[in-house]
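Chains as they are written, first to last, in this note's numbering: chain E, 1 to 403; chain F, 404 to 562.
C-beta: ideal position from N, C-alpha, C; glycine also.
Worksheet: the structure to be examined is printed underneath.
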Amino acid sequence: MSSGRTRAGGTKRNRLSSSSHSRIRCKRLAPSLESDQPSWPETWLSWLSFVTDSANPPFTPEKALSKHGEKQNNILEGHMRLPPFQYIEPANVEEALSIISTHRETVKIMAGGTDLVNRMKLRLIEPAFVMNIGKVRSMDDIDIGDTETVIGANTRLREIAGAPLVNKRFRAIAEAAFQVASPAITNMATVGGNILQNTRCMYYDQSGMVLNGLERCRKRGGTVCLAVKGGKRCFSVYQGDMAPALIAFDARCVLEKKGSTRTVSLTELFTGNGAAPFALEADELLTKIIIPNPEGIYSSAYRKLRLRGSTDYPLASAAALVSVTDDRKVTTCRVVIGAAGAAPKVIDGTSCEANFEAIAQKAYELAEGVDNLQMPGAYRRKMVSVLARRATKAAIDGIKEGM
Amino acid sequence: MNELKKTAITLNVNNETYDMVAYPNRTLLEVLRDDLHLTGTKESCGEGVCGSCTVLVDGTPARSCLTLAVAVQGKEITTIEGLHQGEKLHPVQEAFVNHHAIQCGFCSPGMILTAYALLTENPNPTEEEIRRAISGNVCRCTGYAKIVEAVKSLAEKGR
Chain E
1 MSSGRTRAGG
11 TKRNRLSSSS
21 HSRIRCKRLA
31 PSLESDQPSW
41 PETWLSWLSF
51 VTDSANPPFT
61 PEKALSKHGE
71 KQNNILEGHM
81 RLPPFQYIEP
91 ANVEEALSII
101 STHRETVKIM
111 AGGTDLVNRM
121 KLRLIEPAFV
131 MNIGKVRSMD
141 DIDIGDTETV
151 IGANTRLREI
161 AGAPLVNKRF
171 RAIAEAAFQV
181 ASPAITNMAT
191 VGGNILQNTR
201 CMYYDQSGMV
211 LNGLERCRKR
221 GGTVCLAVKG
231 GKRCFSVYQG
241 DMAPALIAFD
251 ARCVLEKKGS
261 TRTVSLTELF
271 TGNGAAPFAL
281 EADELLTKII
291 IPNPEGIYSS
301 AYRKLRLRGS
311 TDYPLASAAA
321 LVSVTDDRKV
331 TTCRVVIGAA
341 GAAPKVIDGT
351 SCEANFEAIA
361 QKAYELAEGV
371 DNLQMPGAYR
381 RKMVSVLARR
391 ATKAAIDGIK
401 EGM
Chain F
404 MNELKKTAIT
414 LNVNNETYDM
424 VAYPNRTLLE
434 VLRDDLHLTG
444 TKESCGEGVC
454 GSCTVLVDGT
464 PARSCLTLAV
474 AVQGKEITTI
484 EGLHQGEKLH
494 PVQEAFVNHH
504 AIQCGFCSPG
514 MILTAYALLT
524 ENPNPTEEEI
534 RRAISGNVCR
544 CTGYAKIVEA
554 VKSLAEKGR
């Protein structure tokens, strides 16, 4: 067994595989890898080949690095490999805050990594530092109180989807978390990461192979929009699932930076500008989400449209919260539509009339349907209005069931 | 160009400890396949959709293509190579063989690990739970029916 492995590891390792980046020392692998001193004929031969073939010096890990690390001209060579960065792992929130206050724009924060790693693989971002906050324990619990519920930004989506109390009190939030993706992804992905995922567009979320052949769009710092001809702004779409559901409950988020903390409504976190979707300062960290417990009798629901039932971003979505008094008068009806622009949108500000047709009409008017996702814009816009109605109906049905 | 510094990484894979020096931009999948030569874990889409790179991190299925190797130090990683018991196949693997739940075999490591994690957590899953659990694993050959049957047979054994 070991001899076969040695051969594969020792000589056949070529430049296309990036394996030569690391040196391993382990019990299972062959002893020849363990001894650092090559035998004399090897030394002599390598010296000889260097002298005779100076144009082509012996292959070294450093050489592989320069090939791997530089901007890829040959796209296939760097395909789905990560760009170089330095890795930082803070032990607690304070340490994390001091790191981002030092490095600011050059550091990207990783929690589950399901969004960030993909964006780095596509070279949409190439941060100098990646800070993994996934192991900061103080940020990953759900605290259900009498007046409000606090969810740590690091809480895995699967925990939110699986918590019976969340499902009972905040059904839309549990439904949204459940529908984000398959269990393996929701095991890793966090609520904070889901909220702060960047806006998406078919003309932007592509590998270099595609983007190299396209004009630089507004999202990439250019001056044109490829999705809308002559578009004066960026039309990328915010495709997060959690934010619409949380906004339906009027959730707030806690943004911490070194020396200060602010709590803002989740709607204020969004700028509405696709090119820079978040009103978050470079040294701020999203640490908590606070959901006020709604008053009266209430229920909520989340509905989404996607291509694959298991793993896909929403192509249209809607969350609804309806609360009634004891004599069944509707006090609040908040409907939030998602994947319909660069930010989730609340119909009629804080609360609207619980009239299905009016909600569907307003959702249609509010939604932006641009042909920049996997389904046509006109269809997505219609589906936003359908889902807004369905979500509201499901919330009202939920109240009826509970009564 | 951004600076790259090698770091010492200690990984616990299939109950064995591996010490290595690697760049931090290496995913767990790359380290498992290229450095540890545990090629049972497959790479397909590389973006977390298909599930062929599934490994267990502390017993729960995770995408090794989206996981940085440096980030899973101190965690127990189980790959398909760590499932069999000596010369004998693991019961989940046996069930897959017996129910013809394998055709080309590319999705099988991920499928088997996902099924194993499901059965560890919930020894008696319903068909809906099985389908939900493997919903993140794409199989282009079997049409999933045989895979669900294989997992179901194990659930029934538990009864």
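Is it true that the segment 122-129 of chain E meets the segment 138-153 of chain E, where meeting means three or more beta-carbon pairs spaced less than 8 Å apart? At 8 Å Cβ cutoff, the stretches do not touch.
Which of helix, strand or coil DSSP assigns to F/Tyr-421: The residue given as residue 421 of chain F occupies position 18 in the second sequence. In this structure, F/Tyr-421 counts as strand in the three-state DSSP scheme.
Taking 7 Å as the cut-off, is the CB of E/Glu-353 close to at least one heavy atom of the ligand NAD? By its list of ligands, the structure shown contains no ligand whatsoever, and the ligand NAD lies outside what it can speak to.
Which of the three DSSP states is assigned to E/Thr-186 in this structure? Against the first sequence, residue 186 of chain E aligns to sequence position 186. In the structure shown, the three-state DSSP call for E/Thr-186 is helix.
Counting only beta-carbon separations shorter than 8 Å, does F/Asn-428 have a partner in chain E? Here residue 428 of chain F refers to the residue found at position 25 of the second sequence. Yes - at least one Cβ of chain E is within 8 Å of the one on F/Asn-428.
Hey, could you find the ends of the alpha helix (DSSP H) F/Glu-531 is sitting in? As a first step, residue 531 of chain F must be located in the second sequence, where it is residue number 128. Annotation for F/Glu-531: the continuous alpha helix (DSSP H) segment containing it runs 530-536.
Is DSSP giving E/Ile-125 helix, strand or coil here? Stepping through the first sequence from its first residue, residue 125 of chain E is reached at position 125. Residue state, collapsed to three classes: coil.
Look at E/Ser-317 and E/Ala-339 and say whether their C-beta atoms are less than 8 Å apart. The count along the first sequence starts at 1 and reaches residue 317 of chain E at position 317. The count along the first sequence starts at 1 and reaches residue 339 of chain E at position 339. Yes. Within cutoff.
What residue does the alpha helix (DSSP H) around E/Asp-397 start on, and which one ends it? Working through the first sequence from its first residue, we reach residue 397 of chain E at position 397. For E/Asp-397, the enclosing alpha helix (DSSP H) stretches over residues 377-402.
Below 8 Å on C-beta distance, what does E/Ala-301 contact in chain A? No chain A appears in this structure, whose protein chains are E and F.
Give the residues from the segment 78-97 of chain E that approach chain F closer than 7 Å (Cβ to any Cβ), ordered along the chain. Only Met-80, Leu-82, Pro-83, Pro-84, Phe-85, Gln-86 and Tyr-87 from the segment 78-97 of chain E bring a Cβ to less than 7 Å from some Cβ of chain F.
Minimum C-alpha distance to F/Cys-510 - residue among F/Asn-417, F/Asn-415, F/Leu-557 and F/Ser-447: In the second sequence, residue 510 of chain F corresponds to position 107, counting from 1. Of the candidates F/Asn-417, F/Asn-415, F/Leu-557 and F/Ser-447, the one whose C-alpha sits nearest the C-alpha of F/Cys-510 is F/Ser-447.
So what does E/Cys-333 bridge to, in DSSP terms? To locate residue 333 of chain E, count along the first sequence from 1; it is residue 333. Bridge pairing for E/Cys-333: E/Val-322 [DSSP].
Supposed close pair E/Leu-315, E/Arg-306 - CB separation, criterion 8 Å: Position 315 of the first sequence, counting from 1, holds the residue named residue 315 of chain E. Position 306 of the first sequence, counting from 1, holds the residue named residue 306 of chain E. Between E/Arg-306 and E/Leu-315 the Cβ distance is about 6 Å, and since that is below 8 Å, they are a contact.
Taking the alpha-carbon of F/Val-475 as reference, which of F/Ile-505, F/Ala-411 and F/Val-541 has the nearest alpha-carbon? Numbered from its first residue, the second sequence carries residue 475 of chain F at position 72. Of F/Ile-505, F/Ala-411 and F/Val-541, the residue nearest in Cα terms is F/Ala-411.
Chain E contact residues for F/Thr-545, given Cβ-Cβ distances below 7 Å: Indexing the second sequence from 1 puts residue 545 of chain F at position 142. Counting only Cβ-Cβ distances below 7 Å, F/Thr-545 has no contacts in chain E at all, with the closest Cβ about 16 Å away.
Which term fits E/Pro-292, buried or exposed, when burial requires 16 or more other beta carbons within 10 angstroms of its beta carbon? Along the first sequence, read from residue 1 onward, the residue named residue 292 of chain E stands at position 292. By the 10 Å Cβ count, E/Pro-292 comes out exposed.
Buried versus exposed, by CB contacts within 10 Å (16 or more), E/Asp-146: The residue you call residue 146 of chain E lines up with position 146 of the first sequence. With fewer than 16 other Cβ atoms within 10 Å, it is exposed.
Just verifying my parser: in three-state terms, what is the DSSP assignment at F/Asn-501? Within the second sequence, residue 501 of chain F is the residue found at index 98, counting from 1. Here F/Asn-501 carries a helix assignment [DSSP, helix/strand/coil].
Tell me where the beta strand (DSSP E) around F/Thr-410 begins and ends. Reading the second sequence from its first residue, position 7 is the one you call residue 410 of chain F. F/Thr-410 -> beta strand (DSSP E) spans 410-416.
Output the distance between the C-alpha atoms of E/Val-324 and E/Ile-173, rounded to the nearest integer angstrom. Within the first sequence, the letter at position 324 stands for residue 324 of chain E. Within the first sequence, the letter at position 173 stands for residue 173 of chain E. E/Val-324 and E/Ile-173 have their C-alpha atoms some 19 Å from each other.
Bridge partners of E/Met-131, per DSSP? Here residue 131 of chain E is taken as the residue at index 131 of the first sequence, counted from 1. Beta bridge pairing from DSSP links E/Met-131 with E/Ile-88 and E/Ile-109.
Neighbourhood of E/Ala-395 by C-beta, 6 Å cutoff - its chain only, sequence neighbours within 5 removed: As a working note, residue 395 of chain E is residue 395 in the first sequence. Cβ-Cβ distances below 6 Å link E/Ala-395 to Ser-299, Ser-300, Ala-301, Ala-320 and Val-322 in the same chain, with the five nearest sequence neighbours on each side left out; the list follows chain order.
The alpha helix (DSSP H) enclosing E/Glu-410, as first and last residue numbers: Past the edges of chain E, shown from 1 to 403, lies residue 410 of chain E, and the structure says nothing about it.
Considering Cα atoms alone, identify which of E/Leu-285, E/Glu-148, E/Ala-275 and E/Glu-105 is closest to E/Lys-258. To locate residue 258 of chain E, count along the first sequence from 1; it is residue 258. In this structure, E/Leu-285 is the residue among E/Leu-285, E/Glu-148, E/Ala-275 and E/Glu-105 with its C-alpha nearest to the C-alpha of E/Lys-258.
By alpha-carbon positions, which one of F/Thr-457, F/Leu-439, F/Gln-488 and F/Lys-408 ends up nearest to F/Gly-539? Your numbering for residue 539 of chain F matches position 136 in the second sequence. Comparing Cα-Cα distances from F/Gly-539 to each of F/Thr-457, F/Leu-439, F/Gln-488 and F/Lys-408, the minimum goes to F/Thr-457.
Closer than 8 Å is the cut-off here; do at least three beta carbon pairs connect the segment 195-206 of chain E with the segment 480-490 of chain F? No: the two stretches stay apart, fewer than three of their Cβ pairs being nearer than 8 Å.
In whole angstroms, what is the alpha-carbon distance linking E/Phe-178 and E/Ile-347? Residue 178 of chain E sits at position 178 when you count from the first residue of the first sequence. Residue 347 of chain E sits at position 347 when you count from the first residue of the first sequence. For E/Phe-178 and E/Ile-347, the distance between alpha carbons rounds to 24 Å.
Burial state of E/Pro-244 (16 or more Cβ within 10 Å): The residue you call residue 244 of chain E lines up with position 244 of the first sequence. Within a 10 Å sphere around the beta-carbon of E/Pro-244 sit 16 or more other beta-carbons, which makes this residue buried.
Report yes if the CB atom of F/Ile-483 is closer than 8 Å to the CB atom of F/Pro-512, and no otherwise. Locating residue 483 of chain F in the second sequence gives position 80, where the first residue counts as 1. Locating residue 512 of chain F in the second sequence gives position 109, where the first residue counts as 1. Yes, the Cβ-Cβ distance between F/Ile-483 and F/Pro-512 is below 8 Å.
Which whole-angstrom value is the C-beta distance of E/Tyr-238 and E/Pro-277, which I expect to be below 8 Å? To locate residue 238 of chain E, count along the first sequence from 1; it is residue 238. To locate residue 277 of chain E, count along the first sequence from 1; it is residue 277. Contact flag correct, Cβ pair sits at about 6 Å.
Chain E contact residues for F/Val-473, given Cβ-Cβ distances below 7 Å: The residue you call residue 473 of chain F lines up with position 70 of the second sequence. Within 7 Å Cβ-Cβ: Tyr-87.
Could you check if E/Met-383 is buried or exposed, using at least 16 other CB atoms within 10 Å of its CB as the buried criterion? The count along the first sequence starts at 1 and reaches residue 383 of chain E at position 383. Looking at its Cβ environment, which holds 16 or more other Cβ atoms inside 10 Å, E/Met-383 is buried.
With a threshold of 7 Å on Cβ separation, who are the neighbours of E/Phe-356 within its own chain once the five nearest residues in sequence on each side are excluded? For the purposes of this step, residue 356 of chain E is taken as residue 356 along the first sequence, with counting starting at 1. Arg-389, Thr-392 and Lys-393.
Give a yes or no on whether 8 Å exceeds the smallest Cβ distance from E/Asp-53 to chain F. Taking the first residue of the first sequence as position 1, residue 53 of chain E is located at position 53. With a pLDDT of only 44 at E/Asp-53, under the threshold of 50, the placement of this residue in the model should not be trusted; the figure read from the coordinates follows. Taking Cβ atoms only, chain F never reaches closer than 8 Å to E/Asp-53, which makes this a no.
Hey, how far is the Cα of E/Gly-230 from the Cα of E/Phe-270? Within the first sequence, numbered from 1, the residue matching residue 230 of chain E stands at position 230. Within the first sequence, numbered from 1, the residue matching residue 270 of chain E stands at position 270. Straight through space, the alpha carbons of E/Phe-270 and E/Gly-230 are spaced by roughly 24 Å.
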